[in-house]
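Under my numbering, the residue at position 72 of the sequence shown is numbered 60, and the numbers go up by one with no gaps.
These notes concern the structure reproduced below.
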Amino acid sequence: MMSFDPIVVTAPGGNGGEPVRTPEGRSPRRDRRGRGLRGPLMPAALPAARTRNERFEDHLQAAVDRLAELCGPAVEQARFRATMVPEDLERRLELVRAWGSELVEEPTGTARRDPDGTVVITIHRRPVEARCPIPSLLPDAVYGAVVEQWAALTGVSPESVDPDYHW
């Protein structure tokens, strides 16, 4: 039977460069089975790391830019915002109690006009993420939600807003 020496990790500073041994001689971030290092490439403590909410807002901005190319200056006059969940949870709970959870669809967003006439479209992050089976499809799901809300506000079908609409 072969034996291996435990892995020795040297800590930067602090203890004068003395080697630090991890429990059972293992490195907590070793490359198991050749699949690459575990964990995020950019640790959350660094300033360049982005939160899920920030990444979602980036996807929302890209979706609005894409919609503006199709619909023109009317989109630029609208306000778009992102929230975690819909704000009318009490009403939704009443609907779920009355009709059952299978019959009440989770809204991906809301579209309304302010009293001053400004269009406000709100996209709800968690329902959009729940609709998305693969994280790499999230930008398309966000765009689909934006197109749906714009179509509902203007009174047309999503396919007439964007012929490539598929959500």
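All C-beta atoms in this analysis are idealised placements derived from N, C-alpha and C, irrespective of residue type, glycine included.
Roughly how many whole angstroms lie between the Cα atoms of residue i and residue j?
i: residue 68; j: residue 121; result: 24 Å
i: residue 59; j: residue 149; result: 7 Å
i: residue 104; j: residue 66; result: 12 Å
i: residue 100; j: residue 22; result: 51 Å
i: residue 38; j: residue 51; result: 18 Å
i: residue 119; j: residue 72; result: 14 Å
i: residue 138; j: residue 46; result: 18 Å
Per DSSP, what kind of secondary structure is residue i in: helix, strand or coil?
i: residue 52; result: helix
i: residue 149; result: helix
i: residue 99; result: strand
i: residue 57; result: helix
i: residue 154; result: coil
Between the options, which has its C-alpha nearest residue i's C-alpha?
i: residue 141; options: 154, 108, 115 and 32; result: 108
i: residue 95; options: 41, 133, 48 and 144; result: 133
i: residue 114; options: 44, 144 and 33; result: 44
i: residue 74; options: 127, 119 and 111; result: 111
Just reading off the alpha helix (DSSP H) that residue i is part of, what are its end residues?
i: residue 140; result: 126 to 142
i: residue 85; result: 77 to 87
Hey, would you say residue i sits closer than 8 Å to residue j, going by beta carbons?
i: residue 153; j: residue 130; result: no
i: residue 34; j: residue 70; result: no
First and last residue of the beta strand (DSSP E) that includes residue i?
i: residue 38; result: Residue 38 -> no beta strand (DSSP E), and no H or E assigned at all.
i: residue 108; result: 107 to 112
Please tell me whether, using a cut-off of 7 Å, the distance from the CB of residue i to the nearest non-hydrogen atom of the ligand ATP is below it.
i: residue 38; result: The ligand ATP is not part of this structure, which contains no ligands at all.
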